[in-house]
Amino acid sequence: MSILFVCTGNTCRSPMAEVFAKDIILKKDMDYIVYSRGLNVYNLGSATKEAQEVIEEYGLELINHRSMQITKEDITMADIILTMTVEHKNYILKIYKEESDKVYTLKEYAECEKNNLDILDPYGYEIPIYRKCAKEIKKYVEMVVEKLDSYRQ
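For the sequence shown, the numbering used here begins at 45 and goes up steadily by one.
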């Protein structure tokens with residue numbers, strides 16, 4: 045089973061979701077491939093320093109993360125594609141209509157939010173906004189992993 049997290053530049057939200065998911069999945073001894081990509085990656089750089097700092101507060105790291113542009117191969121390889129916003133989801137569905145059964149927003153797949161399905165983009169903001177974003181992402185990633193874990197049992 046593979047999970048793909050998607051955001052805009054693959055420097056903040058989707059890398060944080062990836063690292064949280066990998067940590068939780070490892071602790072639960074689940075056999076999942078988890079990766080993240082961006083829809084508009086302008087350079088193949090690292091995660092933002094703010095994202096790295098906030099993730100370190102959770103005892104995790106993004107130091108080796110490199111931003112990657114999403115490809116058709118990424119889309120077809122993934123069993124579940126979780127986007128950070130409805131706009132990201134719609135962009136993927138516009139290009140890859142045949143993959144509609146596996147594309148959701150993170151909140152939508154967690155099945156707890158009905159009105160606000162977007163995760164705020166912290167890019168360009170200060171650390172407190174990154175902390176709020178990371179906390180929100182972690183909450184929904186935990187819900188997603190619990191949901192997937194319940195399917196195993």
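C-beta: ideal position from N, C-alpha, C; glycine also.
- Query: Between which two residues does the alpha helix (DSSP H) harbouring L137 extend?
  - Reply: Membership of L137 in the alpha helix (DSSP H) is indicated by the continuous run V130 to I139.
Could you check the C-alpha separation between S144 and A61 for me, to the nearest Å?
So the alpha carbons of these two residues sit roughly 21 Å apart.
- prompt: What span of residues does the alpha helix (DSSP H) with C177 cover, start to end?
  reply: Per DSSP, C177 belongs to the alpha helix (DSSP H) from I171 to R196.
Can you give the Cα-Cα distance for V147 and E170, rounded to whole angstroms? The straight-line gap from Cα to Cα measures roughly 30 Å.
- Got a sec? Which residues, its chain only, sit under 8 Å from Y86 by beta carbon, not counting five neighbours each side? Taking Y86 as the centre and dropping the five residues before and after it, the same chain places the C-beta of G53 closer than 8 Å to its C-beta, in chain order.
Contacts around V98, its chain only, beta-carbon distance under 7 Å, and the 5 residues preceding and following it disregarded:
These residues qualify, in order along the chain: I171, Y174, R175 and A178.
Using only CA atoms, which one of F64, I77 and D165 lies nearest to T92? Taking only the C-alpha atoms, the option nearest T92 is D165.
task = Let me know the secondary structure DSSP gives L126 once reduced to three states.
result = Three-state result, L126: strand.
**Item:** Stretch pair the stretch 178-193 + the stretch 72-80: three plus CB contacts closer than 8 Å
**Value:** Segments in contact, yes.
- Secondary structure at I99, three-state DSSP: helix, strand or coil? I99 falls in the helix class under three-state DSSP.
By DSSP, does S58 sit in helix, in strand, or in coil?
In the structure shown, S58 sits in a helix (DSSP, three-state: H, G or I).
- Helix, strand or coil at T120 [DSSP, three-state]: DSSP places T120 in helix when its eight states are reduced to three.
(Q) Looking at the secondary structure, which residues open and close the alpha helix (DSSP H) in which Y153 lies? (A) L150 to A154 is the extent of the alpha helix (DSSP H) around Y153.
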